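Engineer:
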Amino acid sequence: MVESQAPREGSSFRHTNPIEDGIDLIDLLLFVLRAKRRIFVSTLAFGLLGVVIAFVVKPYFTATAVIMPPQQEQGTMSAIAGQLSSLGGLGAASAVGLKNPADMYVGILKSDGIAENLIRRFNLQAVYRTRLDIDTENRLAKESDFEAAKDGLIYIKVSDHDPARAAQLANAYVDELYALNSRLAVGQAAQRRTFFQKQLDDERKQLADAEDALKETQEKTGLIQLNGQAEEIIRNIASVKAQIASREVELGVARTYATDQNPDIAELEEQIAGLKKQLATLESTQGTTLPGDVQVPSGKVPEAGLDYLRKLREVRYHESLLELLAKQFEAASLDESKSAPQIQVVAPARTPERKAGPSRALIVLGLMFVGFTLATCLAIVTGVLRIIDSNPSQASRLQELKKASGLRTREHPPSA
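Written as structure tokens, this is what we have:
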């Protein structure tokens, strides 16, 4: 009887245990290759199932209608932006704040009002086999797609199992959009006209009050035209003050090299005194009044001119605002009287001849991939369980796991 010798310390020979050493990539490949027939059968079976499903499932068709939103005419709001453009940044900010018309009409197409009309018109609750209205609206929204393209056109796409109904729904969206746009345009024009009418009446009253205040200022100060009287008085006073300042500079320079008894200094002092008297006369003396002239005391010119300027500026402001409001009121009245901008149909939806989906090839390939994946995973799991089952230290735990899960266990023969 040959006794097995225990391996010496440091020897490279050792018994390997699959559980202790772990499972590497080669083990996984072995599991898959051993079950290749099962994987092939599973992949083929799922592929056949995909073929059946691909031919049983209903195809759907997509119809597309293309429209061009109405071009914005020089209506009320755009006219306001144009009138305010002369004020610089205000006009630019107004123009920037305007929404893209295509995006606005896409929002209208997605509104609940249009969806409800289409549901009633085509009895979509019965078509979609839904019980609640909200479910029908959600299904219609899912089957509909609206795109505001960069070229300014709006593409309305509707999918349905019935190609004729898909085209009818797409064209019905166009009809509903046209009707709703007409109602909104007339209503908005009427609201704008009423608003500008009220503003126009208020501004007329404010302009009348400003004109009365200006007239009262004219009667109080005697100013009739600011550019004629005020500029002449201010120009004369400024000229005298400039001469006084010039003479005082000359006097200061002369005193650096001469005494007060110097004739030049005496002459300069005499000139300065005369100019100051002339300035006092201009500032306080009210001259003679010629026929048709109105003279104002020069001491009151700055105060009177400032008050007059404020009142005149108020009148000019209200005049400009009244003119602007009058133009906008006229534009709103024209918008109300004429029809709404028409939506132009670039291409009506036609009954599609080719289905849009689902793709039968994708269905078959997808199910084949599912079958392959499931069979591969099952092969790997089965191989790992076999390795665990072959290890006595893990076998008892595996049996307990199977018993706890209700799986059948196989009895191992007692080892000799």
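Numbering-wise, UniProt numbering puts 60 at position 60 of the sequence shown, and it's gapless, one number per residue. Heads up, the beta-carbon is just placed ideally off N, CA and C, and yes, glycines get one too. Please read these numbers as outputs of a predicted model, since none were measured by experiment.
1. Using a Cβ distance threshold of 8 angstroms, determine whether the stretch 58-68 contacts the stretch 148-162, with at least three qualifying pairs required.
2. Give the single residue among PHE372, ASN138 and LEU177 whose Cα lies nearest to the Cα of ILE67.
3. Assign VAL317 to one of two classes, buried (16 or more other C-beta atoms within 10 Å of its C-beta) or exposed (fewer than that).
4. So, with DSSP's three-state summary, where would you put SER320?
5. With DSSP as the reference, label VAL56 as helix, strand or coil.
6. Identify every residue that forms a DSSP beta bridge with ALA347.
7. Which value, in whole angstroms, describes the spacing of the CA atoms of PRO70 and GLN342?
8. So, at 8 angstroms on beta carbons, what are the nonlocal neighbours of ARG204 in its own chain, with the 5 sequence-adjacent residues on each side left out?
9. Terminal residues of the continuous alpha helix (DSSP H) containing LYS142?
10. Assign TYR128 to one of three DSSP states: helix, strand, or coil.
11. Would a C-beta distance cut-off of 8 angstroms place ILE156 and LEU109 closer than the cut-off?
12. Would you mind sorting GLU137 into buried or exposed? The rule is 16 or more other CB atoms within 10 Å of its CB.
13. With respect to the beta strand (DSSP E) encompassing ASP160, which residues constitute its N-terminal and C-terminal limits?
14. For ARG193, count the other beta carbons within 10 Å of its own beta carbon; 16 or more makes it buried, fewer makes it exposed. Which is it?
15. When burial is assigned at 16 or more other CB atoms within 10 Å of the CB, is LEU362 buried or exposed?
16. Return the chain-ordered list of same chain residues with a C-beta closer than 8 angstroms to the C-beta of PRO352, the five sequence neighbours on each side being excluded.
17. Alpha carbon to alpha carbon, what distance is there between ALA356 and ARG131?
18. On a Cα-Cα basis, can you pick out the residue from PHE46, ARG37 and LEU30 that is closest to LEU365?
19. Can you tell me whether DSSP reads GLU147 as helix, strand or coil?
20. Nearest-angstrom Cα distance between residue 421 and ILE244?
21. Can you tell me whether THR259 is buried or exposed? The criterion is at least 16 other CB atoms within 10 Å of its CB, across all chains shown.
22. Thinking ALA148 and VAL106 are a contact (beta carbons under 8 angstroms), I'd like their distance in whole angstroms, please.
23. If you draw a straight line from the C-alpha of TYR173 to the C-alpha of LEU118, how long is it?
24. Rounded to a whole number of angstroms, what is the C-alpha to C-alpha distance between GLN206 and SER333?
25. Round the Cβ separation of ALA379 and PHE55 to the nearest angstrom and send it over; I've been treating them as touching at under 8 angstroms.
26. Expressed to the nearest angstrom, what Euclidean distance is found between the alpha-carbon atoms of GLU270 and ASN262?
27. Using beta-carbon positions only, say whether residue 467 and VAL315 come within less than 8 angstroms of one another.
28. Check whether the Cβ atoms of PHE146 and LEU325 lie closer than 8 angstroms to each other.
29. Per DSSP, GLY50 forms a beta bridge with which residues?
30. Could you check which residue in LYS311, VAL41, GLU336 and ARG34 has the C-alpha nearest to that of ALA208?
31. How many whole angstroms separate the CB atoms of LEU268 and LEU279, which I take to be in contact at a CB cut-off of 8 angstroms?
32. Could you tell me the alpha carbon to alpha carbon distance between LEU290 and TYR308, rounded to whole angstroms?
33. Apart from the five residues just before and just after LEU44, which ones in its own chain have a Cβ nearer than 6 angstroms to its Cβ?
34. By how many angstroms is the C-alpha of ARG121 removed from the C-alpha of ILE134?
35. Do ALA170 and ALA349 have their CB atoms nearer than 8 angstroms?
Structural biologist: Let me lay it out:
1. yes
2. If you number the sequence shown from 1, residue 67 lands on position 67. Closest by alpha carbon: LEU177.
3. Here residue 317 is taken as the residue at index 317 of the sequence shown, counted from 1. The sequence as given places Tyr at residue 317; Val does not occur at that position. Flag for TYR317 reads exposed.
4. Along the sequence shown, read from residue 1 onward, the residue named residue 320 stands at position 320. It is helical.
5. In the sequence shown, residue 56 corresponds to position 56, counting from 1. Here VAL56 sits in helix by DSSP.
6. Here the question's residue 347 lines up with position 347 in the sequence shown. Per DSSP, VAL66.
7. By one-based count along the sequence shown, residue 70 stands at place 70. By one-based count along the sequence shown, residue 342 stands at place 342. Their backbone Cα atoms lie some 6 angstroms apart in a straight line.
8. Numbered from its first residue, the sequence shown carries residue 204 at position 204. Hits under 8 angstroms: LEU322.
9. Along the sequence shown, read from residue 1 onward, the residue named residue 142 stands at position 142. Looking at the DSSP string, the run of the alpha helix (DSSP H) that includes LYS142 is 133-143.
10. Counted from its first residue, the sequence shown places residue 128 at position 128. DSSP places TYR128 in coil when its eight states are reduced to three.
11. As a position in the sequence shown, residue 156 is number 156, starting the count at 1. As a position in the sequence shown, residue 109 is number 109, starting the count at 1. Yes, Cβ-Cβ distance for ILE156 and LEU109 is below 8 angstroms.
12. Locating residue 137 in the sequence shown gives position 137, where the first residue counts as 1. With 16 or more Cβ atoms within 10 Å of its Cβ, GLU137 is classed as buried.
13. The residue given as residue 160 occupies position 160 in the sequence shown. That run of the beta strand (DSSP E) goes 154-160.
14. In the sequence shown, the residue the question calls residue 193 occupies position 193. With 16 or more other Cβ atoms within 10 Å, it is buried.
15. Locating residue 362 in the sequence shown gives position 362, counting from the first residue. Its Cβ having fewer than 16 others within 10 Å, LEU362 is exposed.
16. Looking up residue 352 in the sequence shown gives position 352. Result list for PRO352: PHE61, THR62, ALA63, PRO163, ALA166 and ALA167, in chain order.
17. One-based indexing of the sequence shown puts residue 131 at position 131. One-based indexing of the sequence shown puts residue 356 at position 356. For ARG131 and ALA356, the distance between alpha carbons rounds to 27 angstroms.
18. Here residue 365 is taken as the residue at index 365 of the sequence shown, counted from 1. The residue with the shortest Cα to Cα distance from LEU365 is PHE46.
19. For this step, residue 147 is matched to residue 147 along the sequence shown. In this structure, GLU147 counts as strand in the three-state DSSP scheme.
20. Since the first residue shown for the chain is 1 and the last is 416, residue 421 is missing from the structure and cannot be characterised.
21. Against the sequence shown, residue 259 aligns to sequence position 259. By the 10 Å Cβ count, THR259 comes out exposed.
22. To locate residue 148, count along the sequence shown from 1; it is residue 148. To locate residue 106, count along the sequence shown from 1; it is residue 106. Rounded, the Cβ-Cβ distance is 5 angstroms, consistent with contact.
23. By one-based count along the sequence shown, residue 173 stands at place 173. By one-based count along the sequence shown, residue 118 stands at place 118. So the alpha carbons of these two residues sit roughly 8 angstroms apart.
24. As a working note, residue 206 is residue 206 in the sequence shown. As a working note, residue 333 is residue 333 in the sequence shown. Using only the alpha carbons, I get a separation of about 23 angstroms.
25. Position 379 of the sequence shown, counted from the first residue, corresponds to residue 379. Position 55 of the sequence shown, counted from the first residue, corresponds to residue 55. Not confirmed; about 30 angstroms, so no contact.
26. For this step, residue 270 is matched to residue 270 along the sequence shown. For this step, residue 262 is matched to residue 262 along the sequence shown. Distance between the alpha carbons of GLU270 and ASN262 is about 13 angstroms.
27. Because residue 467 is not part of the residues shown, which for the chain are 1 to 416, the question remains open.
28. By 1-based counting over the sequence shown, the position of residue 146 is 146. By 1-based counting over the sequence shown, the position of residue 325 is 325. No, these two residues do not count as a Cβ contact at 8 angstroms.
29. Position 50 of the sequence shown, counted from the first residue, corresponds to residue 50. In DSSP, GLY50 forms no bridge with anything.
30. Translated into positions along the sequence shown, residue 208 becomes position 208. Taking only the C-alpha atoms, the option nearest ALA208 is LYS311.
31. For this step, residue 268 is matched to residue 268 along the sequence shown. For this step, residue 279 is matched to residue 279 along the sequence shown. About 16 angstroms; that fails the 8 angstroms criterion.
32. Stepping through the sequence shown from its first residue, residue 290 is reached at position 290. Stepping through the sequence shown from its first residue, residue 308 is reached at position 308. Here LEU290 scores only 37 on pLDDT, less than 50, and its place in the model is too uncertain to base an answer on.
33. Taking the sequence shown and counting its residues from 1, the one referred to as residue 44 is at position 44. Contacts found: none.
34. Reading the sequence shown from its first residue, position 134 is the one you call residue 134. Reading the sequence shown from its first residue, position 121 is the one you call residue 121. Approximately 16 angstroms between the Cα atoms of the pair.
35. If you number the sequence shown from 1, residue 170 lands on position 170. If you number the sequence shown from 1, residue 349 lands on position 349. It is a contact, given that the beta carbons lie within the stated cut-off.
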